[in-house]
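Top to bottom, those sequences are chains X and B. Position 91 (the first sequence) corresponds to 244 in our numbering; numbering is contiguous. Position 357 (the second sequence) corresponds to 372 in our numbering; numbering is contiguous. Yeah, the Cβ is synthetic: ideal placement off N, Cα and C, and Gly gets one too. Report on the structure given below.
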Amino acid sequence: MILSYDGSLPGFLCLLGHALKTYPQWSEVRNLAESTLPSLFVQEQEITTDYDFADKVVSGLGKKLGRQFPNKLAHAFSSEWQGIEPDLIKVTGRALKRGRTSLDQLSDPLVHRFQSAAFRTAREKHRLLGLLRFSRLQDDCFLARVEPQANVVPFLGAHFARRFSDQRWVIVDTKRRVALFGAGPKWSLERQVDIAADLNFHDSEAEVVNLWKSFYRHISNPDRYNPQLRRQFMPKRYWSNLTEMQPAEPIK
Amino acid sequence: MLAKSSRSYRPLPALVMTPDLQARLAILSGAAKYDASCASCGSTRSGKGPGATHISGICHSWAADGRCISLLKVLLSNACRYDCAYCANRRSNDHRRVSFSAEELAGLTMEFYRRNYIEGLFLSSAVFSDPDTTMLELLRTLKILRHQYRFHGYIHLKVIPGCSRELVHAGTLLADRLSANIELPSKKSLQLLAPEKEQRQILEVFHQAQGSYLEHHSRPPKAKNNPPGIGMSTQMIIGATPEDDRTILRQVGELYRLPQLQRVYYSAYIPVNSDTRLPVIGNSPPLKREHRLYQADWLLRYYQFDVDEILAPQQLYLDAELDPKAAWALRHLEHFPINVNRASKEELLRVPGLGVRSCAKILRARRQTSLHLDDLKKLGVVMKRARYFLHDGHSMPVAFRSEEALRCALVPQAERQLSLNFNSPAMTTDTSALSGEL
Numbered sequence: 154m155i156l157s158y159d160g161s162l163p164g165f166l167c168l169l170g171h172a173l174k175t176y177p178q179w180s181e182v183r184n185l186a187e188s189t190l191p192s193l194f195v196q197e198q199e200i201t202t203d204y205d206f207a208d209k210v211v212s213g214l215g216k217k218l219g220r221q222f223p224n225k226l227a228h229a230f231s232s233e234w235q236g237i238e239p240d241l242i243k244v245t246g247r248a249l250k251r252g253r254t255s256l257d258q259l260s261d262p263l264v265h266r267f268q269s270a271a272f273r274t275a276r277e278k279h280r281l282l283g284l285l286r287f288s289r290l291q292d293d294c295f296l297a298r299v300e301p302q303a304n305v306v307p308f309l310g311a312h313f314a315r316r317f318s319d320q321r322w323v324i325v326d327t328k329r330r331v332a333l334f335g336a337g338p339k340w341s342l343e344r345q346v347d348i349a350a351d352l353n354f355h356d357s358e359a360e361v362v363n364l365w366k367s368f369y370r371h372i373s374n375p376d377r378y379n380p381q382l383r384r385q386f387m388p389k390r391y392w393s394n395l396t397e398m399q400p401a402e403p404i405k
Numbered sequence: 016m017l018a019k020s021s022r023s024y025r026p027l028p029a030l031v032m033t034p035d036l037q038a039r040l041a042i043l044s045g046a047a048k049y050d051a052s053c054a055s056c057g058s059t060r061s062g063k064g065p066g067a068t069h070i071s072g073i074c075h076s077w078a079a080d081g082r083c084i085s086l087l088k089v090l091l092s093n094a095c096r097y098d099c100a101y102c103a104n105r106r107s108n109d110h111r112r113v114s115f116s117a118e119e120l121a122g123l124t125m126e127f128y129r130r131n132y133i134e135g136l137f138l139s140s141a142v143f144s145d146p147d148t149t150m151l152e153l154l155r156t157l158k159i160l161r162h163q164y165r166f167h168g169y170i171h172l173k174v175i176p177g178c179s180r181e182l183v184h185a186g187t188l189l190a191d192r193l194s195a196n197i198e199l200p201s202k203k204s205l206q207l208l209a210p211e212k213e214q215r216q217i218l219e220v221f222h223q224a225q226g227s228y229l230e231h232h233s234r235p236p237k238a239k240n241n242p243p244g245i246g247m248s249t250q251m252i253i254g255a256t257p258e259d260d261r262t263i264l265r266q267v268g269e270l271y272r273l274p275q276l277q278r279v280y281y282s283a284y285i286p287v288n289s290d291t292r293l294p295v296i297g298n299s300p301p302l303k304r305e306h307r308l309y310q311a312d313w314l315l316r317y318y319q320f321d322v323d324e325i326l327a328p329q330q331l332y333l334d335a336e337l338d339p340k341a342a343w344a345l346r347h348l349e350h351f352p353i354n355v356n357r358a359s360k361e362e363l364l365r366v367p368g369l370g371v372r373s374c375a376k377i378l379r380a381r382r383q384t385s386l387h388l389d390d391l392k393k394l395g396v397v398m399k400r401a402r403y404f405l406h407d408g409h410s411m412p413v414a415f416r417s418e419e420a421l422r423c424a425l426v427p428q429a430e431r432q433l434s435l436n437f438n439s440p441a442m443t444t445d446t447s448a449l450s451g452e453l
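Here's what the structure looks like:
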């Protein structure tokens, strides 16, 4: 039996709950956001996203497998690795049966995949806490754009709400068209967002950008020049959104 | 009346306009680049107003030299009244002298912070008048940030040695980390190269900071008003003076007994001045030696090694070819190979190539099932060096051989041929001095 869901995290949590309880005979998982064509030969059950049920799944798993587990599960799911969903269902099912210590068995391929997917997402999230660059717009809103490998933007809210508590900010994942809007201590997640083609930047923006580029250039020690080391820490795939890695522009 | 002639008019030197912010930032960040510290970890400050710190610290960028940029690292002024031989900003150098005003620098910090360029401010200064006046100006910048902008981000403050106790105390209340550079590994060298500085005065800073911290914390705890623990750090220049590695590590061992001192940074000396007391300009900095000292430093702090274990008796310098942990293991082959499934945490930590994180992973995984050597790779343990020193109870390590044979296996071919070239590019991808995973 194929279980299908809408591709969102709450949707997956519902699917996880049903796969473990209602449909233990499931064989495959299909993401409706990726392909809408139903299968002709195998029976398919569509799981509708129910936020209350997803909450119940989270609190149930948290009670049985530790408070950290739902968090780790969300990170592993957000890695968007090919075919991660069935692996996560299997790992969770096994942990519920054999106890949470089975999640430490890192030499097992399933557990290893689960742990490394969660680790990769967490690492990219931590990297982006530093590598996001905001630009100030004319209306005093700060905008950052990013194309992460994993779907990490939804995890960034609490961090930036705490430090930007007196400014409005937006983080846009241009690859997934997902955006976080923040103002004061609150933030919200929106889907299907695109950045306008003609942005009006704040008058001071160009000057601050130039100051930052100048700082970046002069803080480096030419006697220790080591571009390999820099690339190791700051992979090139992030450079297109980094202010300091853009060529210097003449001041108007 | 002066005849006005636009052609012959030349500004007098005394009327030269101060360079704009852009030019001053270039000069004052360029002057701060010799400070190695850029940590922004260990603080959990947050509150009403912009800014917060992250317990593990956040790196925001990496400069072309591969070092992380976490803080806006600048000098408030580069007009120094001291004449330290090794310093680019010394009095006798004919450099352009500029400074920021406290308001300007605080504003710049906020602009950068709001764009997520930085985690906070690293503020240092040349001593432009007496230590107290300089320190007061640094503190004024911090006060504007903390009180006017209500900034809760990270601040690292360089204390000016010789300033009064009250000012250090004020610093502990405003900053997340204080530091004072010990500059050189011995009192004698400091006297020779920086006759206006005194080692006693520099060490005094640490005691003062500890004193005011304890004073503050002996009051009934009021979580909101208490400053987070003040972590302190210091830095010394390597290769400008004749001290050997043994003397340096002994001194570092002593320094780590200082209250609150968490980290010693090493800075390979880059000749910037021509001075008969110093290596000649054009000499390449001893980066490899600095790298080995950082590795030894991690062993001292996190691996329970002693200076006498890191260096063999009569050995004055660290092995250039081998990291200090591997060098120790080669001298003590009687402890190896050890069993991954039975060794204690302390024993595992002594295996070359097993860092703190790898050991934690092994300990966690072996609780469930007995481990084979092949499993270790799956855990993410790097076996390049460790495989010569481990077994799993079933099979002995592939090639556990004599000291010479092991040395040949551990030292990369390229490095053996260029062992005297301190600038060999072979170390470019070795980050163990930064991560502490040895």
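- Residue 265 (chain X) reaches chain B at 393, counting residues in chain order whose Cβ is nearer than 7 Å.
- Residue 269 (chain B) and residue 194 (chain B) have their alpha carbons spaced roughly 17 Å apart.
- When X:341, X:257, X:202 and X:338 are compared, the shortest CA-CA separation from residue 379 (chain B) is found for X:257.
- Taking C-beta atoms as the reference points, residue 335 (chain B) and residue 325 (chain B) fail to come closer than 7 Å.
- Of the candidates B:273, B:405 and B:225, B:405 places its Cα closest to the Cα of residue 363 (chain B).
- Take residue 220 (chain B), set aside five residues on each side of it, and the residues of its chain with a beta-carbon closer than 7 Å to its own are 174, 176, 183 and 195, in chain order.
- For residue 406 (chain B), the pairing in a beta bridge is given by DSSP as B:354.
- Assignment of residue 259 (chain X) by DSSP, reduced to helix, strand and coil, places it in the coil class.
- Taking 7 Å as the cut-off, the beta carbon of residue 229 (chain X) is found closer than this to the beta carbon of residue 271 (chain X).
- Check the Cα spacing between residue 146 (chain B) and each of B:94, B:278, B:200 and B:110: the tightest is with B:94.
- Residue 283 (chain X) belongs to the set of residues whose beta carbon lies under 7 Å from a beta carbon in chain B.
- Distance from the Cα of residue 331 (chain X) is smallest, within the candidate group X:323, X:338 and X:337, for X:323.
- In the three-state reduction of the DSSP assignment, residue 246 (chain X) falls in the helix class, which pools H, G and I.
- Within the model, the alpha-carbon separation for residue 195 (chain X) versus residue 201 (chain X) is close to 19 Å.
- In this structure, the beta-carbon distance from residue 452 (chain B) to residue 345 (chain B) does not fall below 7 Å.
- Using a Cβ-Cβ cut-off of 7 Å, residue 288 (chain B) does not count as an interface residue toward chain X, since no Cβ of chain X sits closer than that to its own.
- For residue 63 (chain B), the three-state secondary structure derived from DSSP is coil.
- By the 16-neighbour rule on beta-carbons within 10 angstroms, residue 134 (chain B) is buried.
- Under the rule that a run must span 4 or more residues, the alpha helix (DSSP H) segments found entirely inside the region 156 to 199 of chain X read 162 to 174.
- Counting along the chain, the unbroken alpha helix (DSSP H) around residue 346 (chain B) starts and ends at 339 to 346.
- Listed in chain order, the non-local C-beta contacts of residue 267 (chain X) below 7 Å within the same chain comprise 229, 240, 241 and 244, local neighbours out to five positions each way being set aside.
- If one requires a minimum length of 3 residues, the beta strand (DSSP E) runs lying completely within the region 331 to 381 of chain X are 331 to 336 and 339 to 343, in chain order.
- Residue state for residue 280 (chain B) is assigned as strand, using DSSP reduced to three classes.
- Separation of the CB atoms of residue 294 (chain B) and residue 281 (chain B) is rounded to 16 Å, and the pair is thereby denied contact status at 8 Å.
- Bounds of the alpha helix (DSSP H) holding residue 45 (chain B) are 36 to 47.
- Inter-residue distance for residue 290 (chain X) and residue 321 (chain X) is about 10 Å (C-alpha atoms, whole angstroms).
- By the criterion of at least three beta-carbon pairs nearer than 8 Å, the region 158 to 168 of chain B is not in contact with the region 200 to 219 of chain B.
- Less than 7 Å separates the beta-carbon of residue 163 (chain X) from that of residue 207 (chain X).
- Per DSSP, the unbroken alpha helix (DSSP H) holding residue 230 (chain X) starts and ends at 221 to 231.
- Just so you know, the alpha carbons of residue 131 (chain B) and residue 37 (chain B) end up roughly 19 Å apart.
- Residues of chain X with a Cβ closer than 9 Å to the Cβ of residue 384 (chain B) are, in chain order, 258, 260 and 261.
- The C-alpha of residue 92 (chain B) is placed about 29 Å away from the C-alpha of residue 288 (chain X).
- Per DSSP, residue 206 (chain B) lies in no beta strand (DSSP E) segment; the continuous alpha helix (DSSP H) that holds it begins and ends at 202 to 208.
- Proximity of chain X to residue 84 (chain B) at the Cβ level (cut-off 8 Å) is accounted for by 369 and 372, in chain order.
- Of all residues in the region 346 to 366 of chain X, only 361, 363, 364 and 365 place a beta-carbon less than 7 Å from a beta-carbon of chain B.
- The Cβ atoms of residue 75 (chain B) and residue 335 (chain X) do not sit closer than 7 Å to each other.
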